[in-house]
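*Asks:* Here the UniProt record's numbering is used: the first residue of the sequence shown is 1, the next is one more, and so on. Even glycine gets a Cβ: it sits at the ideal position worked out from N, Cα and C.
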Amino acid sequence: MTWSAKQYSAFEEERTRPVRDLVAALPQREVRSAVDLGCGPGNSTEVLAQRFPGALVSGMDSSDDMIQAARKRMPGVNFEVADIATWRPAQPVDVILANASLQWLPDHATLYPRLAQQLAPGGNLAIQTPDNLEEPAHRLARETAKDPRWADRIGDVRHPARHGAIDYYEMLQPHCSRVDVWRTTYYHPLAGGAPAVVEWFKGSALRPYLALLDAAQQAGFLESYLAGVAKAYPALKDGSVLLPFPRLFIVATR
Numbered sequence: 001m002t003w004s005a006k007q008y009s010a011f012e013e014e015r016t017r018p019v020r021d022l023v024a025a026l027p028q029r030e031v032r033s034a035v036d037l038g039c040g041p042g043n044s045t046e047v048l049a050q051r052f053p054g055a056l057v058s059g060m061d062s063s064d065d066m067i068q069a070a071r072k073r074m075p076g077v078n079f080e081v082a083d084i085a086t087w088r089p090a091q092p093v094d095v096i097l098a099n100a101s102l103q104w105l106p107d108h109a110t111l112y113p114r115l116a117q118q119l120a121p122g123g124n125l126a127i128q129t130p131d132n133l134e135e136p137a138h139r140l141a142r143e144t145a146k147d148p149r150w151a152d153r154i155g156d157v158r159h160p161a162r163h164g165a166i167d168y169y170e171m172l173q174p175h176c177s178r179v180d181v182w183r184t185t186y187y188h189p190l191a192g193g194a195p196a197v198v199e200w201f202k203g204s205a206l207r208p209y210l211a212l213l214d215a216a217q218q219a220g221f222l223e224s225y226l227a228g229v230a231k232a233y234p235a236l237k238d239g240s241v242l243l244p245f246p247r248l249f250i251v252a253t254r
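1) Cβ of L212 within 8 Å of Cβ of I154?
2) How far does the beta strand (DSSP E) with S58 in it reach, from first residue to last?
3) Just tell me which of R183, L226, R254 has its CA closest to the CA of L248.
4) Identify which residue in G164, E143, N78 has its Cα closest to the Cα of H108.
5) Identify, in the order they occur along the chain, each residue of the same chain with its Cβ nearer than 8 Å to the Cβ of S4, setting aside the five sequence neighbours on each side.
6) With H, G and I counted as helix, E and B as strand and the rest as coil, what does DSSP make of L248?
7) State the DSSP-derived secondary structure class of G155, mapped to helix, strand or coil.
8) Can you tell me whether DSSP reads residue 257 as helix, strand or coil?
9) When the Cα atoms are used, what is the spatial distance from D180 to D152?
10) Thinking just about the alpha-carbon of each residue, which of H175, G59, K237 is nearest to the one in L37?
11) In whole angstroms, what is the alpha-carbon distance linking residue 312 and L242?
12) Decide yes or no for the touch test of the segment 86–100 against the segment 125–139: beta carbon pairs closer than 8 Å, at least 3 of them.
13) For a test of the three-state rule: what should DSSP assign to Y169, helix, strand or coil?
14) Tell me which residue opens and which closes the alpha helix (DSSP H) that residue 329 is part of.
15) Report the CB separation of P208 from H159 in whole angstroms; it is logged as a contact under 8 Å.
16) Which residues does DSSP list as the beta-bridge partners of S33?
17) Only counting the same chain, and skipping five residues up and downstream in sequence, which positions put a Cβ closer than 6 Å to that of A82?
18) In the segment 90–134, which residue ranges form an unbroken beta strand (DSSP E) of at least 3 residues, counting only runs that do not cross its ends?
19) Please report how far the alpha carbon of V157 lies from the alpha carbon of D214, in whole angstroms.
Shown next as structure tokens:
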């Protein structure tokens with residue numbers, strides 16, 4: 001699956017709002033080092049650097065396209081192409097930020113404690129993940145994938161499993177002195193109605209499906225998906241649509 005920084009950034013303001021809320025919840029203290037895991041085009045790294053201006057901030061992402069965009073955005077910051085699943089810092093880190101990135105990885109019961117163990121004493125792990133697998137946008141994607149025209153290619157595509165707030169609390173609590181978990185639903189007004197919802201998810205949730213289809217199949221998939229989205233997310237009087245987007249937040253202290 002390839003990431004497109006341009007596609008992802010089409011809704012940058014809406015995608016950046018949750019990371020602002022997450023980083024604002026971090027304790028005010030001296031931070032010497034901070035890393036952004038799954039930094040994307042650098043919008044989340046920028047928020048992190050603004051919050052801790054005295055820290056040595058770095059970012060990493062598995063997508064070269066995202067890293068190139070991040071380097072252009074913040075030329076003074078060290079960004080590298082790397083895999084969160086195998087990431088190990090040379091030294092313990094004061095703040096680890098993972099904004100809308102860990103949902104792409106499996107085995108959270110192993111991953112989350114491992115990340116907490118990379119923190120310096122008193123350090124913070126800040127995580128935000130979409131909590132929307134049962135929202136219409138995701139359910140429609142799974143249903144559309146079962147169409148006989150392409151079911152043999154994508155009928156079994158599934159996003160990695162996610163867990164609930166209690167599960168994540170129990171994963172981290174043995175390794176941390178404090179774990180805060182909360183859930184927020186954002187309602188994003190998108191101009192353009194249902195097509196805007198499709199464009200939003202083309203930059204994220206639809207990627208695993210589209211990556212396995214040829215151009216003609218992609219066009220057919222998106223046409224069918226759009227028809228379902230138009231019913232699930234009706235246009236408002238001004239032609240826009242209000243996209244509900246629930247997200248789960250965690251701030252854990254080592």
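*Replies:* Short version:
1) yes
2) 56–61
3) R183
4) G164
5) Note that S4 has pLDDT 49, beneath the 50 cutoff, so the model's placement of it is unreliable and no number is given.
6) strand
7) coil
8) Shown here, the chain extends from 1 to 254; a query on residue 257 therefore has no answer.
9) 42 Å
10) G59
11) Residue numbering for the chain in the displayed model covers 1 to 254; residue 312 lies beyond these limits and cannot be assessed.
12) yes
13) helix
14) Outside the shown range of the chain (1 to 254) lies residue 329, about which nothing can therefore be said.
15) 7 Å
16) L56
17) M60
18) 93–99, 119–130
19) 16 Å
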